[in-house]
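One structure is given here, and the rest of the page talks about it.
Number of protein chains: 2
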Amino acid sequence: MAASQSSLRAAVFLGLSVDGRIARPDGDLEWLTSRGAAAGDAGFTPFVQSVDAVVMGRRTFEGIASIEQWPYLDRPMHVISTTLAADADPRITVHRSGEAAIDALQRDGHRRVYVDGGETIRWFLAAELVEELTLSHVPVLIGEGPSLFGPLTKGVHLEHVRTTVLDGGMVQTTYRVLDSPTPPA
Amino acid sequence: MAASQSSLRAAVFLGLSVDGRIARPDGDLEWLTSRGAAAGDAGFTPFVQSVDAVVMGRRTFEGIASIEQWPYLDRPMHVISTTLAADADPRITVHRSGEAAIDALQRDGHRRVYVDGGETIRWFLAAELVEELTLSHVPVLIGEGPSLFGPLTKGVHLEHVRTTVLDGGMVQTTYRVLDSPTPPA
């Protein structure tokens, strides 16, 4: 399957520091969640309502698995992991690769999925499946930790859709993806 | 001199891609300048009017040295370089280190300087001299090339001042620096 011929499209909704980090080196997200609380829902619920399903990697899932107020509505949750047991959590479907996740999502008739986690987002970007990015910049420089973005096989042009300044000084911008890198060989 | 006791303060005004790059690996800036043209002055002239002097590294100076319409008004231009001859260009004063540049700027009575170029900005951030960052995100992912930000000795809290969406989809945000990393040992 050439991923770019898929009818499946992915959307990203992510908070990051002004220096582009998505977590501290130890995975800590307090710098994000403390300000996220000030920003309230920050458009997250309408965003989740706009998707059919959620896809993320194991590390991201483990970070959200114990959230008390599950924010993903009733959207099916798919987790990409080579190590998680298939029955690890009744709320999730485990896939062994991004390709397997995409096949399953398409079989289920999903058209727009929420992809989360740096590695999973980069994989979907490389597969030319991302149609929309909503990035919320948190007003802090944290210096170290994983970045959202990495090398691409070619540039990706974006179109600005909207920008909103949220309480706490988060700047949230939505971009439409105009073209995408060619899939890696 | 403890830099943090200086009365000199620095301001940053910089364009970067949505993935946080300030140039392509070969130094190319066409992705920025082409969209910068759509955005017009983009607040640059009022910004230059707000500073007393300009400081940058040699690579950044070489990138702007041949601009036909010099955009820096009559502000004194200081270049930090260990290799440039002192009389390399009649428009500039050459300093052999960031410390030497700061000493000279303070002797000249400057209070607010425009610092440009990734390395110079990171040095001024580490020296706790940056009071304001204006970052203009260009709607493109370029994948590779130098990033503005790097490791810090501790986090830097920012306060959101204003956000403007410019023609061409650039999102320009000004932040005030609330605290800064301790100077490197």
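Top to bottom, those sequences are chains A and B.
Residue numbers for the first sequence follow the numbering used here, beginning at 690 and rising by one.
Residue numbers for the second sequence follow the numbering used here, beginning at 690 and rising by one.
Built from N, CA and C at the ideal position, the CB exists for glycine as well.
Practice item. Taking only runs that begin and end inside the segment 738 to 821 of chain B, name each unbroken beta strand (DSSP E) of 3 or more residues, in chain order. Key: 742 to 746, 766 to 769, 781 to 784 and 801 to 805
Check your understanding: residue 774 of chain B: which of B/764, B/785 and B/765 sits nearest, CA to CA?
Key -> When C-alpha distances from residue 774 of chain B are compared across B/764, B/785 and B/765, the shortest belongs to B/785.
Point to revise | Where residue 703 of chain B meets chain A, residues with beta-carbon distance less than 7 Å | key: Those within 7 Å of residue 703 of chain B in chain A number zero; the least Cβ separation is about 12 Å.
Review point. Closest to residue 724 of chain A by CA distance: which of B/861, B/849, B/720 and B/789 is it?
Key: B/849
Point to revise | Closest residue to residue 861 of chain A among A/698, A/696 and A/702 (Cα-Cα distance) | key: A/702
Check your understanding: Grouping DSSP H, G and I as helix and E and B as strand, with all else coil, what is residue 848 of chain A?
Key -> strand
Check your understanding: Which stretch, first to last residue, makes up the alpha helix (DSSP H) that contains residue 725 of chain B?
Key -> 719 to 728
Exercise for review: Pull up the CB-CB distance for residue 840 of chain A and residue 833 of chain B, whole angstroms please, since I reckon it's below 8 Å.
Suggested key: 5 Å
Point to revise | Alpha carbon of residue 789 of chain A to alpha carbon of residue 727 of chain B, nearest angstrom | key: 43 Å
Practice item. Answer with yes or no whether the minimum CB distance from residue 836 of chain B to chain A is below 9 Å. Key: Yes, contact with chain A.
Review point. Exposed or buried, which one is residue 710 of chain B when buried takes at least 16 other CB atoms within 10 Å?
Key: Its Cβ being crowded by 16 or more others within 10 Å, residue 710 of chain B is buried.
Review point. What three-state label does DSSP hand residue 734 of chain B in the structure shown?
Key: Reduced to three states, the DSSP call for residue 734 of chain B is helix.
**Study point:** Contact set between the segment 705 to 717 of chain A and chain B, restricted to residues whose Cβ is under 7 Å from the partner
**Key:** 707, 708 and 709
Point to revise | Cβ shell of residue 851 of chain B (< 8 Å), same chain only, five flanking positions each side left out | key: Result list for residue 851 of chain B: 862 and 863, in chain order.
Point to revise | Beta-ladder partner(s) of residue 703 of chain B, from DSSP | key: B/824
Check your understanding: What does a CB cutoff of less than 6 Å around residue 780 of chain A pick up in its chain, not counting 5 residues either side in sequence?
Key -> 766
**Study point:** Contact set between residue 809 of chain B and chain A, taken where Cβ atoms lie within less than 9 Å
**Key:** Neighbours of residue 809 of chain B on chain A: none; closest Cβ ~16 Å, over 9 Å.
Review point. Do residue 808 of chain B and residue 866 of chain B have their C-beta atoms closer together than 9 Å?
Key: no
Check your understanding: By how many angstroms is the C-alpha of residue 741 of chain A removed from the C-alpha of residue 875 of chain B?
Key -> This structure cannot speak to residue 875 of chain B, because chain B is shown only from 690 to 874.
Check your understanding: DSSP beta-bridge partners for residue 698 of chain A?
Key -> Its beta-bridge partners are A/801.
Review point. For the beta strand (DSSP E) that contains residue 842 of chain A, what are its first and last residues?
Key: It is not in any beta strand (DSSP E) - residue 842 of chain A carries neither H nor E in the DSSP assignment.
Practice item. Kindly indicate if chain A contains any beta-carbon less than 9 Å away from that of residue 756 of chain B. Key: no
Review point. Alpha carbon to alpha carbon, how far is residue 749 of chain B from residue 706 of chain A?
Key: 25 Å
Review point. Since residue 800 of chain B contacts residue 700 of chain B with CB under 8 Å, what's their CB separation in whole angstroms?
Key: Contact flag wrong, Cβ pair sits at about 11 Å.
Review point. Do you know offhand how far residue 945 of chain A's Cα is from residue 736 of chain A's?
Key: Residue 945 of chain A falls outside the range modelled here, since chain A spans only 690 to 874, and no answer is possible.
Check your understanding: Any Cβ of chain A within less than 9 Å of the Cβ of residue 822 of chain B?
Key -> Yes, its Cβ sits closer than 9 Å to a Cβ of chain A.
Practice item. Output, in chain order, the set of chain A residues within a Cβ distance shorter than 8 Å of residue 847 of chain B. Key: Here the neighbours are 707, 828, 829, 830 and 858.
Check your understanding: What residues from chain A crowd round residue 788 of chain B, counting only those whose CB sits closer than 9 Å?
Key -> Correct list: empty, because the minimum Cβ distance to chain A is about 22 Å.
Review point. In three-state terms, what does DSSP make of residue 830 of chain A?
Key: In this structure, residue 830 of chain A counts as strand in the three-state DSSP scheme.
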